[in-house]
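Participant: In my numbering, the protein residues as written are 12 to 261.
No residue lacks a Cβ here, since even glycine has one placed at the ideal position from N, Cα and C.
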């Protein structure tokens, strides 16, 4: 897969690459290297119709920072995406994703400034991995909070079954607590920029509690962008403008 991106007046090809984890799993990614930058923006994918897709390559094309787009194509071909965690109740992938991101930051240097970014599923991942890794900045759009509850519905039944394995009740509880636990334990000074709508269904089920818990942690600086669209799917229309304004991208 080759994707063209513009770098100050000339074009480079962003080529999909693969890394192999310790357990032998493959991580597919696109890495845009900008040698003058000491920053790294890591972008996580939202759900999409198959095949799995990278998000926000176009939105960030004029951002002169190192950019790492990681593809979540695990699970099944017809239902790709496991929140970069794992499947059948095996969540070893979450440690391997952290190791992979660290390997990229080491190429940039010990003073690398780390930003995590994503919307919906990608927003949950940006928060989870950003808080765990002590990122400088997290930019999340309309993320879920109680992940087990969110997936336990007819719409996400296939993903729920893929990720949970046989012990669904146990693993649902594990997923529900992943993000709340890392918020409570975070001791790094982190800026969280949270975009969401207070008129779509995830607000009362997820985002309200998420905002409350983020605000209770004195180490986390929470900044919110509140919109009023009615459908969760509209985050893909509003979030790119929020990102461009926040990062001052032309």
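Is there contact here, the region 98 to 106 with the region 172 to 183, by at least three beta-carbon pairs under 8 angstroms?
Facilitator: yes
Participant: Are residue 151 and residue 205 touching if we call contact CB-CB under 8 angstroms?
Facilitator: yes
Participant: Quick one: using the 10 Å Cβ neighbour count with 16 as the cut-off for buried, is residue 180 buried or exposed?
Facilitator: Using a 10 angstroms sphere on the CB of residue 180, the tally of other CB atoms stays under 16, which defines it as exposed.
Participant: So for residue 225, helix, strand or coil by DSSP?
Facilitator: helix
Participant: If you reduce the DSSP assignment to three classes, tell me which class residue 67 lands in.
Facilitator: Three-state result, residue 67: coil.
Participant: At which residue ranges does the region 59 to 139 contain complete alpha helix (DSSP H) runs of 4 or more residues, listed in the order of the chain?
Facilitator: Here the runs fully enclosed are 104 to 119.
Participant: Return the CA-CA distance between residue 109 and residue 74, expressed in angstroms with no decimal places.
Facilitator: 23 angstroms
Participant: Name the two residues that bound the continuous alpha helix (DSSP H) containing residue 170.
Facilitator: 168 to 175
Participant: Throw me the rounded Cβ distance for the residue 39 and residue 89 pair, which I believe falls under 8 angstroms.
Facilitator: 18 angstroms between Cβ atoms; not a contact.
Participant: Say whether the region 238 to 251 touches the region 196 to 210, bearing in mind that this needs 3 or more beta-carbon pairs closer than 8 angstroms, one atom from each stretch.
Facilitator: Yes, since at least three Cβ pairs between the region 238 to 251 and the region 196 to 210 fall closer than 8 angstroms, the two stretches touch.
Participant: Leaving out the 5 sequence neighbours to the left and right, which residues in its chain are closer than 6 angstroms to residue 245 when beta-carbon positions are compared?
Facilitator: Same-chain partners within the cutoff: there are none.
Participant: Taking 8 angstroms as the threshold, find out whether the region 125 to 138 comes into contact with the region 47 to 57 through three or more Cβ pairs.
Facilitator: yes
Participant: Answer yes or no: do residue 120 and residue 55 have a C-beta to C-beta separation smaller than 8 angstroms?
Facilitator: With contacts defined by Cβ atoms closer than 8 angstroms, residue 120 and residue 55 do not form a contacting pair.
Participant: Pull up the CB-CB distance for residue 146 and residue 201, whole angstroms please, since I reckon it's below 8 angstroms.
Facilitator: 6 angstroms
Participant: Just confirm the distance between the C-beta atoms of residue 189 and residue 158, as a whole number of angstroms; I'd bet it's less than 8 angstroms.
Facilitator: Going by Cβ atoms, the distance from residue 189 to residue 158 rounds to 6 angstroms, so yes, they are a contact pair.
Participant: Output the boundary residues of the beta strand (DSSP E) element that contains residue 150.
Facilitator: 148 to 152
Participant: For residue 192, name the three-state secondary structure that DSSP assigns.
Facilitator: helix
Participant: What three-state label does DSSP hand residue 213 in the structure shown?
Facilitator: helix
Participant: Is the Cβ-Cβ distance between residue 198 and residue 226 less than 8 angstroms?
Facilitator: no
Participant: On the criterion of 16 or more Cβ atoms from any shown chain inside 10 Å, does residue 148 qualify as buried, or is it exposed?
Facilitator: buried
Participant: Nearer than 7 angstroms: is that true of the beta carbon of residue 102 relative to any heavy atom of the ligand SAH?
Facilitator: By its list of ligands, the structure shown contains no ligand whatsoever, and the ligand SAH lies outside what it can speak to.
Participant: Within 10 angstroms of its Cβ, does residue 241 collect 16 or more other Cβ (buried), or is it exposed?
Facilitator: Burial call: exposed.
Participant: Would you kindly check if the distance between the Cβ of residue 42 and the Cβ of residue 115 is under 8 angstroms?
Facilitator: Against a cut-off of 8 angstroms, the Cβ pair of residue 42 and residue 115 comes out as a contact.
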